[in-house]
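Each remark here refers to the structure printed beneath this line.
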Amino acid sequence: MTESGELVCNINKCRRPLTSRAWVTSCLHAFCEEDGGKYVHQTPVKCPACDTTLNDSLDVIQIEVNPSERFKSMVLAGLKPDVICDVAGRALAFWMYQMSEDRAYLAAAVSRGRRRFDDLERYYEKNVRQLQTQITSMKTHLDKELASSARQLEEARHELEASQRQAEELSGRLAQRNKQYQQLQRDYDALRVRTAGTAPRVSPAHSPARSVSATWHPPVGHLQPSPVPRRVSHVSQFVFKPVTPQPVTPNKR
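For the sequence shown, UniProt numbering assigns the number 1 to the initial residue and increments by one for each residue that follows.
Structure follows, in structure tokens:
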């Protein structure tokens, strides 16, 4: 039954409001013109709602839901009051049955909806618990990973600081060694300059050996080879050792 008090088709898949013509049965059911027309031509005729066999021609009739005023004036005309009351009572019983059926249908729909809601609630609660468990597990795993990464980062930072200190120490040592090397280079250059400045230089034109050989001639047997001069680093020196001449004795004839 609709909110405006209209009957609806008793086919559950239809539930169409009955606003013009309708089929009603002696088993107190009502159907729309389309659905009712499908069953009244069957043999035997059975109510599509309760499967009751409708053998009599008056067990199922088609009515005007909103009859005209002339119909209202003539339908019960000439009937006794008790017949009119009986007809009205039966019509009211039909209406009350339809209302109870409608309430039962709505209650069944509410029950189905409640069960569906409960099923969905349990389903989603289960999914929520599973998701919460997964989230907790993932959070625990991520916390462990973050803690491990933090430890590794701290260790890497310590290693980097140690490497930086070692690099600074090695850089200081290298700078000190460079200073020492530069000082040694300067000392070496100064020593080489001093050594080159103090070494005697002998001119070949004024060599003592040349003047001596021009004035006297030593015996051949008394000639001594001059030693080979050794190589002195940076300066070559010539060492001359003169030989004392011996007197020459004349031969007696």
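We put the beta carbon where it would ideally sit given N, CA and C, even for glycine.
- With a 10 Å radius around the Cβ and a threshold of 16 neighbouring Cβ atoms, residue 28 comes out buried.
- A Cβ-Cβ separation of about 12 Å leaves residue 14 out of contact with residue 22 under the 8 Å criterion.
- When only Cα atoms are considered, residue 103 and residue 96 end up about 10 Å apart.
- Here the alpha carbons of residue 188 and residue 196 stand approximately 12 Å from one another.
- Here residue 94 is not bridged, per DSSP, to any residue.
- For residue 69, the enclosing alpha helix (DSSP H) covers residues 69 to 74.
- At least 8 Å separates the beta-carbon of residue 84 from that of residue 92.
- Here residue 62 is bridged, per DSSP, to 23.
- Residue 18 places its beta carbon less than 8 Å from that of residue 65.
- Distance between residue 53 and residue 99, taken at the CA atoms: about 23 Å.
- A Cβ-Cβ contact shorter than 8 Å links residue 55 with residue 44.
- In the structure shown, residue 77 falls within a coil segment according to DSSP collapsed to helix, strand and coil.
- Contact check for residue 16 against residue 24 fails: the beta carbons are separated by 8 Å or more.
- Taking the Cα positions, residue 147 is about 21 Å away from residue 133.
- For residue 13, there is no enclosing alpha helix (DSSP H), as DSSP marks it with neither H nor E.
- Here residue 35 is not near residue 63, since their CB atoms are 8 Å or more apart.
- In the three-state scheme derived from DSSP, where H, G and I count as helix and E and B as strand, residue 190 is classed as helix.
- If you draw a straight line from the Cα of residue 87 to the Cα of residue 124, it comes to about 55 Å.
- In the structure shown, residue 32 falls within a strand segment according to DSSP collapsed to helix, strand and coil.
- Just so you know, the alpha carbons of residue 178 and residue 166 end up roughly 18 Å apart.
- Unbroken beta strand (DSSP E) stretches of 3 residues or longer found wholly inside the segment 130 to 174: none.
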